[in-house]
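J.: Just passing along the structure, written as structure tokens.
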Amino acid sequence: MMEKALIVARKEIAENLKSVRYWAIIGLFILLYIASAYAIGFAVRGFGGLAIGGRARTVLQLSNQVVNALTYIAPLLGIALGFGAIAAEREKGTIRLVLARPIYRDDLINGKLIAAVALIVLAIALSTALAVPLAVAMQNVNVTSEDFTRLALLVLPATLLALAFYALSLFASVNAGRSSHALVVSLVLWIFFTFSSYR
């Protein structure tokens with residue numbers, strides 16, 4: 064049974080790696096990182112550079128900005144992968160072709176979940192690996208291996224957050240008649256959960 068789920072997962076991964084939407088989200092991650100680093104650097108220069116303990120404060124600011132960027136964008140990554148996972152295939156009629164083969168509905172869902180985990184980890188890890196060194200260079204701050212480790216550890220909660228929203232959007236995709244309806248429901252949930260925490 065797992066073999067059939069892996070077949071579905073490979074298909075999903077291959078399709079998304081060719082998708083402009085997937086790479087656009089990775090690009091958005093990188094742009095947010097760089098914009099955050101530029102904002103921190105501007106603030107630091109405005110106060111006359113780094114004072115005593117400034118390196119620690121700047122690294123902390125950079126970590127906070129990474130968290131903020133991931134908090135907003137990681138859920139959107141999950142939504143982008145999930146809202147059309149079932150509904151879009153239902154609209155195209157391809158889901159009938161898939162289920163007509165000896166593949167059960169559970170295999171289809173499990174395969175899409177496996178693919179989502181791989182694609183989310185790749186997107187967050189790749190964008191972080193590319194953007195954080197650029198952000199550090201823009202800050203002109205010596206960052207230790209321990210600092211890099213702390214920043215890298217932020218990938219794990221971001222991945223879990225993206226997966227949580229993927230699960231929500233996948234549920235919406237399964238139950239919605241159209242992918243556009245699933246997208247609207249997913250975005251409403253994202254807005255509710257993201258901005259209600261600031262009250």
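If you read the sequence shown in this note's numbering, its first letter stands for residue 64, the second for the next number, and so on. Cβ coordinates follow ideal geometry from the N, Cα and C atoms, glycine included.
Using a Cβ distance threshold of 8 Å, determine whether the stretch 166-173 contacts the stretch 131-143, with at least three qualifying pairs required.
T.: no
J.: According to the neighbour-count rule (16 or more other Cβ atoms, all chains shown, within 10 Å of its Cβ), is residue 258 buried or exposed?
T.: Only exposed fits residue 258, as fewer than 16 other CB atoms lie within 10 angstroms of its CB.
J.: List the whole-angstrom C-beta distance separating residue 88 from residue 139, where the pair is believed to meet the contact cut-off of C-beta under 8 Å.
T.: So it is a contact: roughly 7 Å between Cβ atoms.
J.: Rounded to the nearest angstrom, what separates residue 225 and residue 250 at their Cα positions?
T.: When rounded, the distance between both Cα atoms is 13 Å.
J.: Check this for me: beta carbons of residue 148 and residue 233, under 7 Å apart or not?
T.: In this structure, residue 233 lies closer than 7 Å to residue 148 by Cβ.
J.: When burial is assigned at 16 or more other CB atoms within 10 Å of the CB, is residue 66 buried or exposed?
T.: Exposed, since its Cβ has fewer than 16 Cβ neighbours within 10 Å.
J.: Assuming residue 239 and residue 179 make a contact with CB atoms under 8 Å, what is their CB distance in whole Å?
T.: Not confirmed; about 17 Å, so no contact.
J.: What are the boundary residues of the alpha helix (DSSP H) that includes residue 256?
T.: 242-258
J.: Take the Cβ of residue 152 as the centre, count every other Cβ of all protein chains shown within 10 Å, and call the residue buried at 16 or more, exposed below.
T.: By the beta-carbon neighbour count (other beta carbons within 10 angstroms, threshold 16), residue 152 is buried.
J.: What separation, rounded to the nearest whole angstrom, lies between the Cα atoms of residue 187 and residue 83?
T.: 16 Å
J.: Out of 195, 92 and 184, which has the shortest C-alpha to C-alpha gap to residue 220?
T.: 184
J.: Excluding the 5 residues flanking residue 248 on each side, which residues of the same chain have their C-beta closer than 6 Å to its C-beta?
T.: Non-local C-beta neighbours of residue 248 in its own chain, meaning closer than 6 Å and more than five positions away in sequence, comprise 235, ordered along the chain.
J.: If you count every other CB in all the chains shown that lies within 10 Å of the CB of residue 254, and 16 or more means buried, which is it?
T.: By the neighbour-count rule (16 or more Cβ atoms within 10 Å), residue 254 is not buried but exposed.
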